[in-house]
Structures are given as C-alpha cells and as structure tokens.
Ligand code: 5GP
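Numbering (the working numbering), first residue to last: 584 to 791.
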C-alpha cells in the first residue's frame with residue numbers, strides 16, 4: 584500500500600518565565616504521543632524539583648565548553664547567568680524516526696534554529712494575560728522582595744520584546760484554551776503539503 588509520510592517538525596515554545604510554558608509543554612507531551620521533548624544541557628544548578636535527564640542535563644561550565652567545541656549543539660546561548668544548549672543527536676534521531684520535537688528555548692536559540700532548519704521550524708510565543716497576572720506569577724514566594732520581583736519583571740520585558748520573531752502568538756489566559764490552540768497549530772502544521780512525502784504517488788494510485 585502506498586502511504587503518505589511526513590518529515591518531523593520542530594515546535595518551539597518560548598515565553599517569559601511566568602507565562603505558563605512549562606505546564607503547557609507538559610500537557611502537550613501527555614496528550615500527543617507523536618511529539619518528544621528536547622532535553623537541554625545547562626550550567627545552571629539543579630532546582631530541588633528537577634530531575635537530571637528529564638528537565639535538563641546539568642553540566643559544569645567545562646563540560647559545556649567541551650560540548651560546544653565538539654559541535655554537539657544544534658544551538659546554544661547564554662540566558663541570564665548560565666549557558667543552555669540543545670544537544671543535536673537526540674533531535675536528529677527523533678526527526679529521522681518520524682517524530683516531532685518540542686523545544687523550550689529562548690529567542691536566541693529560536694533565531695539560531697531558524698537559520699539552520701527554516702522549513703522544519705514552527706515557533707510559538709506564549710504571553711501572560713496581563714501585567715498584574717505576570718507580576719503575581721513572578722512573585723513566587725511571599726518573602727520575595729520588591730527588588731527581586733522587579734528584576735524578574737525586567738527580564739520578562741526583555742523576552743517579551745521578541746514576540747514579533749515568532750510564527751504564532753498565544754495569550755495564556757486559560758491553560759485549557761492555550762493548550763487547545765497549541766494542539767491546533769501542531770495539527771495544521773503537520774498537514775502542510777511541503778512536509779509531506781509521497782503524496783504524488785498516493786494521489787496517482789487513487790485514480791489508477
Ligand atoms: P530555566 O533556567 O528557568 O529553566 O530557563 C531559563 C530560560 O532558558 C528559559 O527561557 C528557557 O526557555 C531557556 N532555555 C532552556 N533551555 C535552553 C536551550 O537549550 N537553549 C536556549 N537558547 N534556551 C534555553
């Protein structure tokens with residue numbers, strides 16, 4: 584039987600912290616078995632709730648430097664005080680196996696991916712619903728000082744300024760609705776003619 588196949592696509596979700604991107608990524612992975620997460624390497628220390636190899640590969644600055652020198656990254660960037668990079672091999676293996684890959688990376692990484700894999704990249708920017716809600720989400724602990732919160736706010740403002748570089752923008756006012764929008768984007772992008780392989784043969788066989 585003749586089958587239509589498809590090249591895997593790369594779905595990037597970017598947002599300022601506090602926009603709910605981590606929750607949305609997790610939901611998408613739970614509800615769609617065709618997409619896998621790209622796990623980044625970082626020099627940032629592990630947070631208590633994080634798991635090595637699931638959230639990140641936590642590496643020393645030396646090891647990160649060796650990975651750069653060895654050409655192991657698809658993209659890498661300094662974000663705030665630490666370095667973050669996307670290991671190339673697992674992504675290439677997933678795409679070759681016909682799976683799509685989800686990336687939680689910042690605007691710098693997205694720009695690098697766009698230069699390298701233009702056609703295969705779909706980028707989505709997630710925005711929080713309002714200034715007040717962003718501030719509420721950035722004030723994660725009651726004891727956070729105003730100074731800490733305002734520093735987080737200005738980092739968020741920096742990241743937010745990059746929304747025009749993305750294919751899609753979603754305002755996360757309701758997690759269920761935002762998730763449904765990401766699912767729709769993914770489904771539509773999967774059906775793009777340019778990604779499909781073998782349609783001519785399939786169509787020809789229909790009328791033979
Ligand atoms: P966090 O330290 O809070 O986990 O992540 C900080 C920022 O780094 C987030 O905006 C996240 O999207 C970004 N980030 C995580 N991994 C990578 C990566 O591999 N490459 C790039 N360019 N950014 C990343």
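Where is the CB? At the ideal position from N, CA and C, for every residue including glycine.
With a CB to CB cut of under 6 Å and the five nearest residues on each side skipped, what residues in its chain are close to residue 779? By 1-based counting over the chain shown, the position of residue 779 is 196. If we look at residue 779 and ignore the five residues flanking it on each side, its Cβ neighbours are 587 and 589.
Backbone secondary structure at residue 642 - three-state DSSP
By 1-based counting over the chain shown, the position of residue 642 is 59. Looking at residue 642 - three-state DSSP - the assignment turns out to be coil, as it is neither helix nor strand.
Segment limits, beta strand (DSSP E) that includes residue 660
Here residue 660 is taken as the residue at index 77 of the chain shown, counted from 1. Taken as a continuous stretch (DSSP letters only), the beta strand (DSSP E) holding residue 660 covers 656 to 662.
Tell me which residues share the same chain as residue 642 and place their Cβ nearer than 6 Å to its Cβ, disregarding the 5 neighbours each side in the sequence.
Counting from 1 along the chain shown, the entry for residue 642 is found at position 59. Taken in chain order, the residues that qualify are 624.
Could you give the uninterrupted runs of the beta strand (DSSP E) lying entirely in the region 686 to 752, keeping only those of 3 residues or more? 704 to 710
Once the 5 residues before and after residue 782 are set aside, which same chain residues still bring their CB inside 6 Å of it?
Taking the first residue of the chain shown as 1, we reach residue 782 at position 199. Its chain contains 587 as the residues whose beta carbon lies nearer than 6 Å to that of residue 782, once the 5 sequence neighbours on both sides are disregarded; these appear in chain order.
Tell me whether residue 727, by its Cβ, gets closer than 6 Å to a heavy atom of ligand 1. Counted from its first residue, the chain shown places residue 727 at position 144. No.
Exercise for review: May I ask which residues mark the beginning and end of the beta strand (DSSP E) holding residue 593?
Suggested key: The count along the chain shown starts at 1 and reaches residue 593 at position 10. Note, residue 593: beta strand (DSSP E), 593 to 597.
Next on the checklist: Can you tell me which residues form a DSSP beta bridge with residue 618?
Outcome noted: As a first step, residue 618 is located in the chain shown; it is residue number 35 there, counting from the start. Its beta-bridge partners are 683.
Using a threshold of 6 Å, is the CB atom of residue 652 nearer than that to any non-hydrogen atom of ligand 1?
-> Taking the first residue of the chain shown as 1, we reach residue 652 at position 69. Outside the cutoff, so no.
#### Entry: Which of helix, strand or coil DSSP assigns to residue 605
By 1-based counting over the chain shown, the position of residue 605 is 22. The answer is helix: DSSP assigns residue 605 an H, G or I state.
**Item:** Unbroken alpha helix (DSSP H) run spanning residue 792, endpoints
**Value:** No answer is possible for residue 792: it lies beyond the span of the chain, which begins at 584 and ends at 791.
* **Given residue 681 as reference, the closest of 688, 617 and 629 once Cα atoms are compared** => For the purposes of this step, residue 681 is taken as residue 98 along the chain shown, with counting starting at 1. The shortest Cα separation from residue 681 among 688, 617 and 629 belongs to 617.
Please report how far the alpha carbon of residue 746 lies from the alpha carbon of residue 726, in whole angstroms. Against the chain shown, residue 746 aligns to sequence position 163. Against the chain shown, residue 726 aligns to sequence position 143. One C-alpha to the other measures close to 31 Å.
At least three beta-carbon pairs within less than 8 Å, the region 676 to 692 to the region 710 to 722
no
Give the secondary structure of residue 586 by DSSP, where H, G and I count as helix, E and B as strand, and everything else as coil. Looking up residue 586 in the chain shown gives position 3. If DSSP states are grouped into helix, strand and coil, residue 586 belongs with coil.
Are the CB atoms of residue 749 and residue 686 nearer to each other than 7 Å?
To locate residue 749, count along the chain shown from 1; it is residue 166. To locate residue 686, count along the chain shown from 1; it is residue 103. In this structure, residue 686 does not lie closer than 7 Å to residue 749 by Cβ.
Measuring only from the beta carbon, is residue 627 closer than 6 Å to any heavy atom that is part of ligand 1? By 1-based counting over the chain shown, the position of residue 627 is 44. At least one heavy atom of ligand 1 is nearer than 6 Å to the Cβ of residue 627, so yes.
Report the residue from 653, 612, 661 and 654 whose alpha carbon sits nearest the alpha carbon of residue 637.
Counting from 1 along the chain shown, the entry for residue 637 is found at position 54. Of the candidates 653, 612, 661 and 654, the one whose C-alpha sits nearest the C-alpha of residue 637 is 612.
- Determine the DSSP secondary structure at residue 771, reduced to helix, strand or coil. Against the chain shown, residue 771 aligns to sequence position 188. It is helical.
- Whose CA, out of 706, 645 and 665, lies closest to the CA of residue 684? The count along the chain shown starts at 1 and reaches residue 684 at position 101. Closest option to residue 684, Cα to Cα, is 706.
Quick check: the Cα distance between residue 609 and residue 688, rounded to an integer number of angstroms?
By 1-based counting over the chain shown, the position of residue 609 is 26. By 1-based counting over the chain shown, the position of residue 688 is 105. Whole-angstrom Cα-Cα distance: 14 Å.
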